[in-house]
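In the working numbering, the protein residues as written are 6 to 362.
Report on one structure; see the data block that follows.
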Ligand SMILES: *Cc1c(COP(=O)(O)O)cnc(C)c1O
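Given below as structure tokens:
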């Protein structure tokens, strides 16, 4: 029998979440951010489900190549920008727009003499990751406008550091900075990641750049995607491959970290950190067995984990165990692992079988 570990990708949920984003900002265009293999859900599969988006955002030219090879003709934007002169030829060949965020890219463009490339010019409005300083932004914009190999309609963009925190003053600070340094005549702007789409209407502008929300992932700490009307796009599940009766006082798994308080049934499930499930979860983190919560006990190992079946004595080998998805938000598991939901869906490994439903 094939290994039962499965990531089911819910196409309807992806479409529902795109509609939810459009409803939040009906006048804006939507870039569906599909970097990191569609946040771990599968690039081509996600692009197909979200073909109604106005553009796709990727972090690597190889992803743009995959999208074009699969026949997608939408606008594609290379969010991390090009690195070297040879990338410009690829951008042209694939008809992909690029972010420009650093002076070295201006020099590469100045030395280039090909056909016009579409540019999204990035301002560092306070996150201090990528982008031109606000003071040099307008000058850079004008320099790009004067280049024959840069297309007209340069999009002005910036990225928020804290838009997932509704009370954090950094977002309004970044907004003010962006608006104050916007070049005259610049009329197409893009600021909003998922959190800003749902919580900062003043940031909507002409283009949204939504990632996590499309996959149903929460955009604020302490909340789940469902709190924002989003549906989870991934259900991760496996099956019990063994049930053991273990005596009181015996220990379970590596390092014997779980001590059985009484004689009890233990379920062994075919999933572990080799599948992308986090090893460092808090003891007692739940999984769903036949729709009801059971605690994971002992260490998560590479291929296996163990669950406490005392609440489900009728459980049988072959029963399905859900690690996250409908009924068990991935945010809850992320919190128990000291990370965010984005990292968990991105970390699913290649041996997990993907299915669409
Ligand atoms: C990843 C990314 C996004 C999407 O962010 P989410 O929080 O997933 O919505 C938007 N813009 C840029 C530049 C990004 O790199």
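C-beta: ideal position from N, C-alpha, C; glycine also.
Note to self: Could you check whether the Cβ of residue 22 sits closer than 7 Å to any heavy atom belonging to ligand 3?
What the structure shows: As for ligand 3, it is missing from this structure, which binds only ligand 1.
Next item on the list: Assess, as a yes-or-no matter, whether the stretch 351 to 358 is touched by the stretch 296 to 305 under the definition of 3 or more beta carbon pairs within less than 8 Å.
Entry: Touching, no, given that fewer than three Cβ pairs across the two stretches are closer than 8 Å.
Notebook entry, point to check: Which first and last residues belong to the beta strand (DSSP E) in which residue 313 is found?
Noted result: Counted as a single uninterrupted DSSP element, the beta strand (DSSP E) harbouring residue 313 occupies residues 310 to 313.
Next item on the list: Could you name each continuous beta strand (DSSP E) segment of 3 residues or more that falls completely within the stretch 110 to 176, going from the start of the chain to the end?
Entry: Listed in chain order, they are 124 to 127 and 160 to 162.
Notebook entry, point to check: Under the rule that 16 or more other beta-carbon atoms within 10 Å means buried, what is residue 334, buried or exposed?
Noted result: Answer is buried; the Cβ neighbour count reaches 16.
Margin query: Any heavy atom of ligand 1 closer than 7 Å to the beta-carbon of residue 84?
Written below: Indeed, a heavy atom of ligand 1 lies less than 7 Å from the Cβ.
Next item on the list: With a threshold of 16 other CB atoms inside 10 Å of the CB of residue 259, please say whether the residue is buried or exposed.
Entry: Burial call: exposed.
Check: Heavy atom of ligand 1 less than 7 Å from the Cβ of residue 131, yes or no?
Finding: No, the Cβ of residue 131 stays beyond 7 Å of every heavy atom of ligand 1.
Notebook entry, point to check: Short check: CB of residue 224 to CB of residue 241, under 8 Å?
Noted result: No, the Cβ-Cβ distance between residue 224 and residue 241 is not below 8 Å.
Margin query: Report the CB separation of residue 273 from residue 309 in whole angstroms; it is logged as a contact under 8 Å.
Written below: Yes, residue 273 and residue 309 are in contact; Cβ-Cβ is about 6 Å, under 8 Å.
Item checked: Neighbourhood of residue 245 by C-beta distance below 7 Å, restricted to the same chain and skipping five residues each side -> Closer than 7 Å at Cβ, skipping near neighbours: 272, 273, 274, 320, 322, 323, 324 and 326.
Check: How about residue 38: is its Cβ closer than 7 Å to a heavy atom in ligand 1?
Finding: Result yes, Cβ under 7 Å from ligand 1.
Next item on the list: Sort 176, 48 and 136 by Cα distance to residue 162 and report the nearest one.
Entry: Shortest Cα-Cα distance from residue 162 to any of 176, 48 and 136 involves 136.
Item checked: Nearest-angstrom Cβ-Cβ length linking residue 81 and residue 69, presumed shorter than 8 Å -> The pair is a contact, with the Cβ atoms about 5 Å apart (cut-off 8 Å).
Notebook entry, point to check: For residue 249, which option in 143, 141, 265 and 112 has the closest C-alpha, if you only look at C-alpha atoms?
Noted result: The option with the nearest alpha carbon to residue 249 is 265.
Note to self: Within the continuous beta strand (DSSP E) that includes residue 246, where are the two ends?
What the structure shows: Looking at the DSSP string, the run of the beta strand (DSSP E) that includes residue 246 is 239 to 251.
Next item on the list: Measure the alpha-carbon distance for residue 26 versus residue 147 and round it to whole angstroms.
Entry: Residue 26 and residue 147: Cα-Cα distance of roughly 33 Å.
Margin query: In the DSSP assignment, the alpha helix (DSSP H) including residue 235 goes from what residue to what residue?
Written below: Note, residue 235: premise wrong, no alpha helix (DSSP H); not H, not E.
Item checked: Exposed unless 16 or more other CB atoms sit within 10 angstroms - verdict on residue 22 -> When all chains shown are included, residue 22 counts as buried.
Notebook entry, point to check: On the three-state DSSP scale, how would you describe residue 75?
Noted result: In this structure, residue 75 counts as coil in the three-state DSSP scheme.
Item checked: Alpha-carbon to alpha-carbon, residue 44 and residue 145 -> Cα-Cα distance, rounded: 32 Å.
Next item on the list: Report yes or no: do three or more beta-carbon pairs, one from the stretch 157 to 173 and one from the stretch 123 to 138, lie closer than 8 Å?
Entry: With a cut-off of 8 Å, the stretch 123 to 138 and the stretch 157 to 173 count as touching, because enough Cβ pairs lie within range.
Check: For ligand 1, any of its heavy atoms closer than 7 Å to the Cβ of residue 208?
Finding: Not under cutoff, so the answer is no.
Check: Would you say residue 223 touches ligand 1, meaning its beta carbon is less than 7 Å from a heavy atom?
Finding: In this structure, the C-beta of residue 223 stays at least 7 Å away from each heavy atom of ligand 1.
Next item on the list: Specify the secondary structure class of residue 182 as computed by DSSP and reduced to three states.
Entry: Correct three-state label for residue 182: helix.
Notebook entry, point to check: What runs of the beta strand (DSSP E), each 3 residues or longer, lie entirely inside the stretch 256 to 340?
Noted result: Listed in chain order, the complete beta strand (DSSP E) runs (minimum 3 residues) inside the stretch 256 to 340 are 269 to 274, 291 to 294, 297 to 302, 310 to 313 and 325 to 329.
Next item on the list: Check each candidate in 110, 49 and 209 and name the one with the smallest Cα separation from residue 30.
Entry: Among 110, 49 and 209, the Cα nearest to that of residue 30 is on 209.
Check: Is residue 167 near ligand 1, in the sense that its beta carbon is under 7 Å from a heavy atom of that ligand?
Finding: Not one heavy atom of ligand 1 lies closer than 7 Å to the C-beta of residue 167.
Next item on the list: Please find out if some non-hydrogen atom of ligand 1 comes closer than 7 Å to the beta-carbon of residue 106.
Entry: No, Cβ of residue 106 sits at least 7 Å from all heavy atoms of ligand 1.
Notebook entry, point to check: Can you give, in chain order, each stretch of the alpha helix (DSSP H) that sits fully within the stretch 33 to 98 and has at least 4 residues?
Noted result: Taken in chain order, the complete alpha helix (DSSP H) segments of 4 residues or longer contained in the stretch 33 to 98 are 40 to 44, 48 to 54 and 66 to 74.
Next item on the list: To the nearest angstrom, report how far apart residue 15 and residue 237 are at their CA atoms.
Entry: For residue 15 and residue 237, the gap between their C-alpha atoms comes out near 8 Å.
Next item on the list: Name the one or two DSSP bridge partners that residue 191 has.
Entry: DSSP lists no partner for residue 191.
Check: Over what stretch of residues does the alpha helix (DSSP H) that includes residue 19 continue unbroken?
Finding: Residues 16 to 29.
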